[in-house]
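Mapping of the sequence shown onto this note's numbering: residues 3 to 394, in sequence order.
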Amino acid sequence: MFHKKELKKQIFALVIAAAMVCQTQAVSASVVSLQAGAQNALTAPSLQMAETEEVQTISVDGMQQAETEAKADNSDVALTAGAGVMVSSPIYVAPEDMDEQEYDEEETAGAAYGYTNLGIAQVADHLNVRETAENDSKIVGKMENDTGCEILGIEGDKAHITSGSVEGYVSLDYILTGKDAVAQADSVVKELATVNADGLKLREAPSLDAPVYDMVAYGEELEVLDNGSGSDWVGVDFDGNKLYVSSDYVTVDTKLKTALNMTEFLYGAGVSDVRVELCEYAKQFVGNPYVWGGTSLTKGADCSGFVLSVFAKYGISLPHSSRAQANSGTRIKMSEAKPGDLVFYAKGGRINHVAIYIGGGQVISASSPKTGIRIASAYYRTPVAVTRILQD
């Protein structure tokens, strides 16, 4: 961790040195006199952003888009297929005539957003945060577009950052800094609703009777579109749709988005390691067959046999019956469900199916002979009960 004053001096020295290198390398293309004593004529330098090896600019339907050339597992940027334009920006370079006091004022301009050295991610989908400055090091978090971060230092073409609970290294090609970062923050800062319950329902209208569109995980941040004072509902943006969540289960605040660690990215915030491990273990068997009465995770299992065998891996014994499993553990509300809890479904008023909730409004189960073990929306049928087996 850098001392704050030392960091300022180092960054200031680095950017001034970079500017000087650019200046000394810029030479005139003019023909110069060969007479003795003649000097080369120099032209003023032009600071331009060099195209990185990772990003290639291409034209699609007359528009410029960025396309990563590296493989997904080694790229610093995760792009969704068909994603729009991604603009990368170099780290802010102070003008040569800017003194240290002026630079101090520039770098602290992001203080209004809670940052001393503000950085803003500029990507089409997610920017990978890596454990070290090596390109192939472990991914420890993800930054969405316009996510804010604190820049702790610079190592080559990487920025050492912290954002939310995540600390690591990101490519400078996808981070705005200095005036650019502050200007972007001013334009994108939003009122956000932070979800305080896993499996929070997104409804199509502000009513308990309205259809459920989807569910969101604990810790997810949604842009607020309508926050009527005293209302029981908050209108939020979800994939371009205006939906509604209960105001009892969100905290509304104005701030920049922060990075997600990998557990939060996959399962939402506040989920224990054992829950994450159990869900990851269960997902290994997606695509394996459904066999009525079976308990084999590889050769075939029915719904309760699948649950029984997954939990047995963690030393928990459950009966081989969905109705009996519904009476195990502690009964909770669907809005309280966490990854690893059991969700039950009924036919004719009688429980006949069980699934494991894996977060983000999804469940995994041995569904039927046709589909086998699969992941589906928790609302592909109406849940009639939710039971908590893992007491963490």
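All C-beta atoms in this analysis are idealised placements derived from N, C-alpha and C, irrespective of residue type, glycine included.
Name, in chain order, the residues that DSSP records as bridge partners for K285.
Bridge partners of K285: none, in fact.
Could you pull out every residue in the same chain whose Cβ sits closer than 7 Å to the Cβ of L280, ignoring the five residues on either side in sequence?
The answer, listed in chain order, is V312, Y316, G342.
Mark T384 as exposed unless 16 or more other C-beta atoms lie within 10 angstroms of its C-beta, in which case mark it buried.
Burial call: exposed.
Within the continuous alpha helix (DSSP H) that includes T265, where are the two ends?
Taken as a continuous stretch (DSSP letters only), the alpha helix (DSSP H) holding T265 covers 264 to 269.
Using 10 angstroms around the beta-carbon of W294, count the other beta-carbons present and answer buried if the total reaches 16, otherwise exposed.
Exposed, by the Cβ-count rule.
Leaving aside the five residues before and after R390 along the sequence, list all residues of the same chain whose C-beta is less than 7 Å from its C-beta, in chain order.
Closer than 7 Å at the Cβ level, and outside the excluded window around R390, lie G331, T332, I334, D343.
Over what stretch of residues does the alpha helix (DSSP H) that includes V312 continue unbroken?
Taken as a continuous stretch (DSSP letters only), the alpha helix (DSSP H) holding V312 covers 305 to 314.
How should S189 be labelled, buried or exposed, when 16 other C-beta atoms within 10 angstroms of its C-beta is the threshold for buried?
Under this definition S189 is an exposed residue.
Tell me where the beta strand (DSSP E) around K340 begins and ends.
That residue, K340, is in no beta strand (DSSP E); it is neither H nor E in DSSP.
Secondary structure at V273, three-state DSSP: helix, strand or coil?
In the structure shown, V273 sits in coil (DSSP, three-state: anything other than H, G, I, E or B).
Identify every residue that forms a DSSP beta bridge with L120.
Per DSSP, E152.
Can you have a look at L44 and say buried or exposed, based on whether 16 or more other CB atoms are within 10 angstroms of its CB?
Residue confidence is low: L44 scores 34 on pLDDT, short of 50, so the model does not pin down where it sits. No coordinate-derived value is stated.
What does A199 pair with, by DSSP beta-bridge criteria?
None, per the DSSP bridge assignment.
Ignore the nearest five residues each way along the sequence and tell me which others in F240's own chain have a CB closer than 6 Å to its CB.
Cβ within range, chain order: L204.
Between which two residues does the beta strand (DSSP E) holding V190 run?
Per DSSP, V190 belongs to no beta strand (DSSP E); it is in the alpha helix (DSSP H), 180 to 190.
Ignore the nearest five residues each way along the sequence and tell me which others in S306's own chain have a CB closer than 7 Å to its CB.
Taken in chain order, the residues that qualify are H322, S323, S324, Q327, V356.
If you follow the beta strand (DSSP E) that A378 is in, where does it begin and where does it stop?
Its beta strand (DSSP E) spans residues 374 to 379.
Find out if the Cβ-Cβ distance for the pair L178, G121 is shorter than 9 Å.
In contact: L178 and G121 (Cβ atoms closer than 9 Å).
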